[in-house]
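Report on one structure; see the data block that follows.
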Amino acid sequence: MKGFCRQDQLFSLCGLHCGLCPMKVGGHCPGCGGGEGNQPCRLARCAISRGGLDYCFQCGEYPCEKYQGFDQYDSFITHQRRQADIQAAQADLQGCRQQLRERADILAYLLENCNDGRRRSFFCLGASLLDLEELRLVIARLQAQRDLPDQKARASQAVQELRAAAERQGVTLALRKRPKKEKRDKEV
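Following our numbering, the numbering of the sequence shown begins with 18 at its first residue and continues without gaps.
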């Protein structure tokens, strides 16, 4: 979107983790306010019209009607922690950014050392949804396993570790998809 640039590319205007999005880490999107390639966004247009807010939660009208049903389903990035992350950012924006940077570093480790070419979205979900302490333990376990023969074995081990962590936390590492609309009956 022309004229929409933001400094913080990890935490989007609406509170999603752009830095942990499979589209951004795959190089298919510059992130919220990341310059060329931005997609048209009604939230960005609204923020610009309100003086260029950095985050929607800074607006006196937040949450507005634009957010009705926003978190019910995920897009290519999970919305599941968005409300909790916004609350954390409101309480301590710098601390929230620091945690997001650490999550992004953990994701980068997974992608560089454990990705067999098919795990990017799964690793993005893990980095987004699991508690940070649990992610640190997963990475420590993976780094301790030096006897894994190849990338495929490292990917399999990473998936096992992340799934076990998710199970301990009661987290499902999957996007919540909008159900397909039922086919309309054809009129005779």
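No residue lacks a Cβ here, since even glycine has one placed at the ideal position from N, Cα and C.
Assumed close pair residue i, residue j - CB separation to whole angstroms, cut-off 8 Å
{"i": "L37", "j": "A144", "result": "5 Å"}
{"i": "G50", "j": "R67", "result": "Between R67 and G50 the Cβ distance is about 14 Å, and since that is not below 8 Å, they are no contact."}
{"i": "Y84", "j": "R195", "result": "At roughly 16 Å, the Cβ-Cβ gap does not stay under 8 Å, so Y84 and R195 are not in contact."}
{"i": "I65", "j": "F28", "result": "Not a contact, Cβ separation roughly 18 Å."}
Residue i vs residue j beta-carbon contact at 8 Å
{"i": "T189", "j": "A183", "result": "yes"}
{"i": "I156", "j": "Y126", "result": "yes"}
{"i": "L147", "j": "H34", "result": "no"}
{"i": "Q100", "j": "D88", "result": "yes"}
{"i": "D122", "j": "Q168", "result": "no"}
{"i": "E119", "j": "L142", "result": "no"}
{"i": "L124", "j": "F139", "result": "no"}
{"i": "E151", "j": "Q174", "result": "no"}
{"i": "D71", "j": "D102", "result": "no"}
Residue interval of the alpha helix (DSSP H) (run including residue i)
{"i": "S3", "result": "In the structure displayed, the chain extends from 18 to 205; residue 3 sits before or after that span and is not available."}
{"i": "G112", "result": "110 to 130"}
{"i": "R67", "result": "It is not in any alpha helix (DSSP H) - R67 carries neither H nor E in the DSSP assignment."}
{"i": "P39", "result": "39 to 42"}
Chain-order list of residues whose beta-carbon lies under 6 Å from that of residue i (same chain, five-residue window excluded)
{"i": "A106", "result": "C113"}
{"i": "C31", "result": "L60, C73"}
{"i": "C131", "result": "R171, A172, A175"}
{"i": "R193", "result": "Y90, D91"}
Own chain partners of residue i with C-beta closer than 7 Å, once the 5 adjacent residues on each side are dropped
{"i": "K41", "result": "C35, G48"}
{"i": "R158", "result": "E178"}
Own chain residues within Cβ distance below 8 Å of residue i, not counting five before or after
{"i": "R137", "result": "P39, V42, G43, L128"}
{"i": "Y79", "result": "C73"}
{"i": "G86", "result": "none"}
Task: Complete alpha helix (DSSP H) runs within the region 134 to 202 (minimum length 4 residues, chain order) - done: 137 to 146, 149 to 161, 168 to 186
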